[in-house]
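To keep things clear, I will list the structure first and then write my remarks on it.
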Amino acid sequence: MEVAKIIKEKRGTIVDVRSYDEFMGGHVVSSINIPLNEIPHRMQEIQELKAPLVVCCASGNRSGQAQVFLTAHGIESYNGGSWLDVNYLQAQSE
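Just so we're aligned, residue 1 is where the sequence shown starts under UniProt numbering, counting upward by one.
Below you can see the structure in the form of structure tokens.
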């Protein structure tokens, strides 16, 4: 499934994997913050989120790592890249 379509149709959950401080400096409305280093410890919480997950960060690097990890653990997820790109796509759907 195409990431833009998931975001525009609000089909899943947007997960921002930046640090809490980065997240508080600006983030996608309705996204949740689970920093990359906390993902392995919060798998039960992640499994309860509405799938598919669109993971984002500052540049797409950390979200790429998160997407690989989540997919390896059976969670449907997509790398949304920069949170600014995800924010732009979500704004287009409103």
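By construction, the Cβ of each residue, glycine as well, lies at the ideal position given by its N, Cα and C atoms.
1) Please say whether S82 and K10 have beta carbons closer to each other than 8 Å?
2) Which residue marks the beginning of the alpha helix (DSSP H) containing G26, and which one marks its end?
3) Is DSSP giving L89 helix, strand or coil here?
4) Can you pull the DSSP bridge partners for N33?
Working from what's here:
1) For K10 and S82, no; Cβs fall outside 8 Å.
2) Taken as a continuous stretch (DSSP letters only), G26 belongs to no alpha helix (DSSP H), as it is neither H nor E.
3) Helix at L89.
4) Beta bridge pairing from DSSP links N33 with D16.
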